[in-house]
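Read top to bottom, the protein sequences are chains A and B.
Residue numbering for the first sequence follows my numbering, beginning at 115 and increasing consecutively.
Residue numbering for the second sequence follows my numbering, beginning at 115 and increasing consecutively.
The beta carbon of each residue, even a glycine, is placed where N, CA and C say it ideally should be.
These notes are about the structure you will find just below.
Number of protein chains: 2
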Amino acid sequence: MKHSLETYKFFFGALANPNRLQIINILRQGKKNVGEICVVTGFEQTMVSHNLKVLEYHGMVFMEKDGKYRYYAVNKKTIKPLLEFIDAHMEEYCCKLLEEQHERKK
Amino acid sequence: MKHSLETYKFFFGALANPNRLQIINILRQGKKNVGEICVVTGFEQTMVSHNLKVLEYHGMVFMEKDGKYRYYAVNKKTIKPLLEFIDAHMEEYCCKLLEEQHERKK
DNA sequence: TCATTACATGACACAAATATCATGTGTTAT
DNA sequence: ATAACACATGATATTTGTGTCATGTAATGA
Chain A
115 MKHSLETYKF
125 FFGALANPNR
135 LQIINILRQG
145 KKNVGEICVV
155 TGFEQTMVSH
165 NLKVLEYHGM
175 VFMEKDGKYR
185 YYAVNKKTIK
195 PLLEFIDAHM
205 EEYCCKLLEE
215 QHERKK
Chain B
115 MKHSLETYKF
125 FFGALANPNR
135 LQIINILRQG
145 KKNVGEICVV
155 TGFEQTMVSH
165 NLKVLEYHGM
175 VFMEKDGKYR
185 YYAVNKKTIK
195 PLLEFIDAHM
205 EEYCCKLLEE
215 QHERKK
């Protein structure tokens, strides 16, 4: 642990939100501007902007301006292996139980 | 993403807490029972138990009973590479800015 | 058997995070 | 110049997460 506990907290906190995770997941298919993300997700523009800011702050997405549009791209170098790693962890240690419980809540 | 957004949310949420991170960090030195964790951290027993439960639920620590004691061990196979990976990410994408800002809050 | 120790669990008040609402800024088009 | 569009930012109410308090359970020892 090279950093402060608070720093790790904020890093993981940035990923501990289903809407941000959905945005990340959508951006994995390729860069999109804010409006496009809204259309695909059905989220409001302000919410998307707020959440993109959090993700950008933690280096999980990158922004690129193009006229009045702002294109966001996921940090594949981090996100891809991170998600794969966690999938592997879940396969081994977490359980169907977990998935089932969350499904039942809906 | 093989699992639901909620599942990832809870996984990352389990790590998005400085007290749990401190417990994890302490357990990296070796397994400890609840009382020992309390002494080292200065945390209350109930808080430690609650947080250990969250960590155990997500496969980040393992429990082993020994009489009236319960020894907890960190899941090194997951935690060690995960933290190393995130350290590397922060080195590259996140910044001193981040650390500084959090320091200033104190 | 009955304390005592070690830890877990449930309920709840407080603190933090979140989405939404209102508004602001920069860019393009007319 | 100004209207329309794309997006960001600030404030706030509400949800969610957290630690603490009170209590419960299992194991050990006297």
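- By DSSP's assignment, R184/A forms a beta bridge with K179/A.
- Contacts between G173/B and chain A, judged by CB atoms closer than 7 Å, involve H203, Y207, C208 in chain order.
- For Y122/B, the enclosing alpha helix (DSSP H) begins and ends at 119-129.
- Note on G144/A: under 16 other CB atoms within 10 angstroms of its CB, so exposed under the neighbour-count rule.
- For Q136/A, a Cβ of chain B is located within less than 8 Å of the residue's own Cβ.
- In this structure, V162/B sits near I151/B, with a CB-CB distance shorter than 8 Å.
- In this structure the region 126-146 of chain A lies against the region 126-135 of chain B, because at least three pairs of beta carbons, one per stretch, are closer than 8 Å.
- Note that the region 168-178 of chain B does not touch the region 164-183 of chain A; fewer than 3 beta-carbon pairs, one per stretch, sit closer than 8 Å.
- Residues of chain A with a Cβ closer than 7 Å to the Cβ of M115/B are, in chain order, N139, L197.
- Around the beta carbon of T160/A, fewer than 16 other beta carbons lie within 10 angstroms, which makes this residue exposed.
- When DSSP states are grouped into helix, strand and coil, N165/A belongs to the helix group.
- At the C-beta level, T155/B and I140/B come within 8 Å of one another.
- The beta carbon of T160/A does not come within 8 Å of any beta carbon belonging to chain B, so the residue lies off that interface.
- Looking only at M177/A, N147/A, K191/A, the smallest Cα-Cα distance to Y183/A is reached by N147/A.
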